[in-house]
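Take any residue in the sequence shown, count from 1 to its spot, add 11: that is its number in my numbering. Just so it is clear, CB atoms sit at the ideal spot from N, CA and C, and this is done for glycine as well. Worksheet: one structure, shown below.
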Amino acid sequence: MFPQNYDENPFIVIWELTRACQLKCLHCRAEAQYKRDPRELSFEQGKKLIDEIKSMGNPMLVFTGGDPLEREDVFDIAEYAVQKGVRVSMTPSATPNVTKEAMEKAKEVGLSRWAFSVDGPNAKIHDHFRGTNGSFDLTMNAIKYLHELEMPLQINTVISRYNVDYLDEMAEMVENLGCVLWSVFFLVPIGRGQMNDMISPKEHEQVLQWLYKTSKKVPFDIKTTAAQHYRRVVIQNKMRENKSKSDRDNIIFEDALMKGKTGMIDGLGRAPKGVNDGNGFVFISHIGDVYPSGLLPIKAGNVKETPLASIYRESEVFKQLRNPDGYKGKCGVCEFNHVCGGSRSRAYAVTGDYLESEPYCIYIPKALRKKVKN
Numbered sequence: 012m013f014p015q016n017y018d019e020n021p022f023i024v025i026w027e028l029t030r031a032c033q034l035k036c037l038h039c040r041a042e043a044q045y046k047r048d049p050r051e052l053s054f055e056q057g058k059k060l061i062d063e064i065k066s067m068g069n070p071m072l073v074f075t076g077g078d079p080l081e082r083e084d085v086f087d088i089a090e091y092a093v094q095k096g097v098r099v100s101m102t103p104s105a106t107p108n109v110t111k112e113a114m115e116k117a118k119e120v121g122l123s124r125w126a127f128s129v130d131g132p133n134a135k136i137h138d139h140f141r142g143t144n145g146s147f148d149l150t151m152n153a154i155k156y157l158h159e160l161e162m163p164l165q166i167n168t169v170i171s172r173y174n175v176d177y178l179d180e181m182a183e184m185v186e187n188l189g190c191v192l193w194s195v196f197f198l199v200p201i202g203r204g205q206m207n208d209m210i211s212p213k214e215h216e217q218v219l220q221w222l223y224k225t226s227k228k229v230p231f232d233i234k235t236t237a238a239q240h241y242r243r244v245v246i247q248n249k250m251r252e253n254k255s256k257s258d259r260d261n262i263i264f265e266d267a268l269m270k271g272k273t274g275m276i277d278g279l280g281r282a283p284k285g286v287n288d289g290n291g292f293v294f295i296s297h298i299g300d301v302y303p304s305g306l307l308p309i310k311a312g313n314v315k316e317t318p319l320a321s322i323y324r325e326s327e328v329f330k331q332l333r334n335p336d337g338y339k340g341k342c343g344v345c346e347f348n349h350v351c352g353g354s355r356s357r358a359y360a361v362t363g364d365y366l367e368s369e370p371y372c373i374y375i376p377k378a379l380r381k382k383v384k385n
């Protein structure tokens, strides 16, 4: 059962096992390095952290990096988590570390899913974005191994000006690859990610509408990261489509708007409520620092010094992020702020204030439209 009260427990925990990585991706949040940091959480510290995560309503746990395969004990850590009953998935980089043997080991220890990044429908676009020639071909070969092992495949794609014109081809490729989930990331200008690589606010809206239409005709699920306004787009479209709504439909949409509950709305994933930075979501860095997300670099504590639960529940920044009514500008008065809330990471990256409005959302809330009319 997924956590229902995000004030107490997160829906998902991201643990950056290491920042070491052989790639040089243009958008890298972590500004990954070739060598491991000696300050990384040790295996014993990692086990303690997993015990804490398990006690927090047993949220989903994702190993990320850098490249988690740069740690020789990655599968020992994964095995410990799985034995504790924690659901674990991993997002490795497409490097020579991704061998069939590594995937066999992942399946053996019980990883629930393996995610690969694919940022273009061909090698030219993908390899440019990943900063490494041969990355696309290596990824495609690795996906073949996954299918041989019958492991579920997730594809992660970062939307940028480099690939926004190739989304139809991307969706076709994701389907042909037998993907179960397409996780679409919208660029936040942090780390190596730059403002001039981002698509415009208008293009954000166009892509979100395109994703909704695409979701209705493909066999895989679609979710977004750093594009919380996709929930608004989904709900708007469903409300238009369900013109003869039953009382039950009205209650579902009302719960989404007033309480952020999205679990009953088809197309919005498994989370019982809309997840946002610090609100159902927590990120732990390679050295144990805790952040609302990997894209929102406001440190709230360190798990070497303070239990994760205490940081998540009691940190002032986390508590502010879990109160959408405290958001500023149009996000603060928007009728969708409990289900959406905008990307707090992008608000911080662009304005320097994580409570400010989502700067790449073009929607005008009803409250502001009324003021204009008056």
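| Simplified DSSP assignment, three categories, for S321 | helix
| Closest to G96 by CA distance: which of E83, D62, D87 and I309 is it? | D62
| request: State the Cα-Cα distance for the pair F147 and M209, rounded to the nearest angstrom. | output: 22 Å
| query | Taking L9 as the reference, which of M114, I246 and N167 has the closest Cα? | reply | Missing from the structure shown is residue 9; the chain here goes from 12 to 385 and no further.
| request: Let me know if V191 comes out buried or exposed under the rule of 16 or more other beta-carbons within 10 Å of its beta-carbon. | output: exposed
| task | Return the CA-CA distance between L188 and L160, expressed in angstroms with no decimal places. | result | 14 Å
| Where does G343 sit, in a helix, a strand or coil, going by DSSP? | helix
| Rounded C-alpha distance that separates V244 from I309 | 29 Å
| query | Does DSSP classify F231 as helix, strand or coil? | reply | coil
| request: Write down the C-beta distance between M71 and I23 rounded to the nearest angstrom, noting that I regard them as a contact closer than 8 Å. | output: 5 Å
| said: Along the chain, where does the alpha helix (DSSP H) containing S146 start, and where does it finish? | reply: S146 to E159
| message | Our contact map puts S1 next to A237 with C-beta atoms below 8 Å; I'd like the distance itself, whole angstroms only. | response | Outside the shown range of the chain, which is 12 to 385, sits residue 1, and nothing can be said about it.
| Would you call the stretch 312 to 320 and the stretch 170 to 190 touching, i.e. three or more CB-CB distances under 8 Å? | no
| request: Let me know if R50 comes out buried or exposed under the rule of 16 or more other beta-carbons within 10 Å of its beta-carbon. | output: exposed
| query | By the 10 Å Cβ neighbour count, where 16 or more other Cβ atoms means buried, how is G239 classified, buried or exposed? | reply | One detail in the question is off: residue 239 reads as Gln in this sequence, not Gly. Classification for Q239: buried.
| query | Quick one, which of K227, R324 and H349 has its alpha-carbon nearest N287's? | reply | H349
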